[in-house]
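Read through the structure below, which is laid out as structure tokens, and then see the notes.
2 protein chains.
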Amino acid sequence: MADQLSQTFAALADPTRREMLSILSHGQATVSEIAEPFLKRMSMPAVTKHLKVLERAGLVTKTQDAQRRLCNLNPSGFQESVQFMEQYRQMMEESLDRFGAYLETLTKQSTKTKRKSKTRSSNKHGRKK
Amino acid sequence: MADQLSQTFAALADPTRREMLSILSHGQATVSEIAEPFLKRMSMPAVTKHLKVLERAGLVTKTQDAQRRLCNLNPSGFQESVQFMEQYRQMMEESLDRFGAYLETLTKQSTKTKRKSKTRSSNKHGRKK
DNA sequence: TATTTAATTAACCAAACAGTTAATTAACCA
DNA sequence: TGGTTAATTAACTGTTTGGTTAATTAAATA
Chain R
1 MADQLSQTFA
11 ALADPTRREM
21 LSILSHGQAT
31 VSEIAEPFLK
41 RMSMPAVTKH
51 LKVLERAGLV
61 TKTQDAQRRL
71 CNLNPSGFQE
81 SVQFMEQYRQ
91 MMEESLDRFG
101 AYLETLTKQS
111 TKTKRKSKTR
121 SSNKHGRKK
Chain A
130 MADQLSQTFA
140 ALADPTRREM
150 LSILSHGQAT
160 VSEIAEPFLK
170 RMSMPAVTKH
180 LKVLERAGLV
190 TKTQDAQRRL
200 CNLNPSGFQE
210 SVQFMEQYRQ
220 MMEESLDRFG
230 AYLETLTKQS
240 TKTKRKSKTR
250 SSNKHGRKK
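Chains as they are written, first to last, in this note's numbering: chain R, 1 to 129; chain A, 130 to 258.
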């Protein structure tokens, strides 16, 4: 499983690691700070290992501060995986829009009234109209 | 690793499976058709297993047509993972924009001329300005 | 009905993964 | 310098993953 994208997705395929990313999305933190919410569930070396997976995947960087290690999200580490998902986002949104439109025709037919659309088709995702 | 999102990312963490998704993004295909490009590298049962992983992850659906199985992408199966990446896309793009802007100030300083920006900040990704 | 085609299931194996406890490294501090 | 704090490394274990070959299912067809 050598390639970067595979390592990234493998890193994301674990709820503990996703929670660690979520913590880091609020700003930098030391290993101990990150570990704190997990230490009821798992040992310190387990935390170290999870962070190493995130580091190897390029999603997190560490810098040393005395005995402490400061961890940070590495935004550019998300680039490849974000780009990958973009392709499928388009497909997904078009499909869901079609389904939304279909539901709308059903509603119109059954009620014989026009309603203001409250569905996804109101461009929540910022794609071009 | 029970949860849906973990299963999805785990399914995406393999280049063979990503290639299968790419094939299916051009339209439906039978198991044999999907298998064809891989049969130099791996056996038919291996292909079956990969497809099963994609199915369990909710990314692919199968329907029977005589002895054949027709495979399709399942757009809504991508919803959770796409939404997850959205969060980090924002962070990533902001960071890359800042870096682009920084590079621009460097260029301006060294050349003392204004240039039209050719960087990412030209809203390629359709997010609101 | 016997054969071929399409795909899956079964049984097995090696490597990777996620966790453990114990030991070690390395910096700070009293 | 001896102890404490922060984190990692080592060694080990059970489970999951990705592959194999051989056997099986099930539908189409000659």
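Beta carbons are placed, not taken as given, at the ideal position from N, Cα and C, and that holds for glycine.
Bridge partner(s) assigned by DSSP for residue i
i: residue 194 of chain A; result: A:197
i: residue 202 of chain A; result: A:189
i: residue 30 of chain R; result: R:70
N- and C-terminal bounds of the alpha helix (DSSP H) containing residue i
i: residue 175 of chain A; result: 173–185
i: residue 153 of chain A; result: 144–153
i: residue 136 of chain A; result: 133–141
Interface partners of residue i on chain A, CB under 7 Å
i: residue 79 of chain R; result: 221
Within chain R, partners of residue i - CB distance below 7 Å
i: residue 214 of chain A; result: 81, 82 and 85
i: residue 138 of chain A; result: 9, 12 and 13
Under 9 Å from the C-beta of residue i: neighbouring residues of chain A
i: residue 6 of chain R; result: 141, 142, 143, 144 and 147
For this session: Tell me, please, whether the segment 44–51 of chain R touches the segment 156–176 of chain A by the rule of three or more beta-carbon pairs shorter than 8 Å.
Result: no
Exercise. Is the segment 2–10 of chain R close to the segment 72–85 of chain R, with three or more CB pairs under 8 Å?
Worked result: yes
Exercise. Quick one, which residues of the segment 174–204 of chain A are near chain R if we go by CB-CB under 8 Å, in chain order?
Worked result: Per Cβ criterion, the list reads 202 and 204.
Exercise. Taking any Cβ of chain R, which residues in the segment 224–238 of chain A have a Cβ under 8 Å from it, in chain order?
Worked result: Here the close residues are 224 and 225.
Exercise. When Cβ atoms are compared, which residues of the segment 143–170 of chain A fall closer than 9 Å to chain R?
Worked result: Along the segment 143–170 of chain A, going in chain order, the ones with a CB nearer than 9 Å to a CB of chain R are 143, 144, 147, 150, 151 and 154.
For this session: Count the CB pairs spanning the segment 59–76 of chain R and the segment 220–230 of chain A that are closer than 8 Å, and state whether there are at least three.
Result: yes
Problem set entry | the segment 26–37 of chain R contacting the segment 159–169 of chain A, beta-carbon criterion three pairs below 8 Å | no
For this session: State whether the segment 12–20 of chain R contacts the segment 137–144 of chain A, with contact taken as three or more CB pairs (one from each stretch) at a distance under 8 Å.
Result: yes
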